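With the first letter of the sequence shown counted as 1, position 122 gets the number 150 in our numbering; the numbers rise by one all the way through. C-beta atoms are modelled at their ideal positions from N, C-alpha and C, and glycine is treated no differently. As the structure is a computational prediction, the values presented were derived from the model and not from experiment. What follows is one structure encoded as structure tokens, with my remarks underneath.
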Amino acid sequence: MAIQGGIPVSHEVAFPHGCYVVGEVSQVLDFEASTKDRPVPARDKVTGELMWAVPVMDGDPSLKAAAKSLNVKIVSPVEPVVPAAPPEMAGLPFVPVEFEGLAVTPYVASPANRLAYSFKARGMRAVSVVGAKAARHGKGAAGDAG
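As structure tokens, then:
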């Protein structure tokens, strides 16, 4: 099969209503290699680079509250920095971001046996003006009604 690992997807397709960082970046741990006294950082299986988790909220108003929160893993040799919030959002507890090099991996979540998705990216950046306008109006990247 040509696709190995996550399925590449644009940020606009994955998060058409925007995506907001709601916490701090943390290092992902390798649960198999870590012990209680010795945490071992997780590394990406393809690149060998460190992995970081960013807690985000999906801006889709149709999602139930429990489905809005997720972690996006970022593959990077250094800890990613959450970009500054735009001036109109200064002081709010979340920051709109766009993910670069985004890939999604579907899996079956136990014990409910429901379809779930894992997101991995190469980086994050501040929301572009075009992306922010599309998210506010519920439109995709090309301006189509979403």
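In chain order, each beta strand (DSSP E) run of at least 3 residues that lies wholly inside the stretch 86-142
You should have 97-103, 123-128 and 131-137.
What number of angstroms, rounded off, separates the C-alpha of Leu78 from the C-alpha of Asp58?
In this structure, the CA atom of Leu78 is about 10 Å from the CA atom of Asp58.
Whose CA, out of Gly119, His45 and Gly151, lies closest to the CA of Val109?
The candidate whose alpha carbon is nearest that of Val109 is Gly151.
Output needed for Pro69: all residues of its chain with C-beta closer than 6 Å, excluding positions within five of it in sequence on either side, in chain order.
Cβ neighbours of Pro69 beyond the five flanking positions: Gln55 and Leu78.
9 Å Cβ cutoff met for Ala137 and Leu130
It is not a contact, given that the beta carbons lie outside the stated cut-off.
Along the chain, where does the beta strand (DSSP E) that runs through Ala42 open and close?
Looking at the DSSP string, Ala42 is not in any beta strand (DSSP E); the run it does join, the alpha helix (DSSP H), is His39 to Ala42.
How is the beta strand (DSSP E) around Gly151 delimited, first residue to last?
Where Gly151 is concerned, the enclosing beta strand (DSSP E) stretches over Gly151 to Ala154.
Contacting residues, own chain, Cβ-Cβ under 6 Å from Ala81 (five flanking each side not counted):
Counting only Cβ-Cβ distances below 6 Å, and skipping sequence neighbours, we find Ser54, Val56, Asn99 and Lys101.
Identify the continuous beta strand (DSSP E) that holds Val53 and give its terminal residues.
Per DSSP, Val53 belongs to no beta strand (DSSP E) and is neither H nor E.
Under a three-way DSSP split, which group does Ser146 fall into?
Note: Ser146 maps to strand in three-state DSSP.
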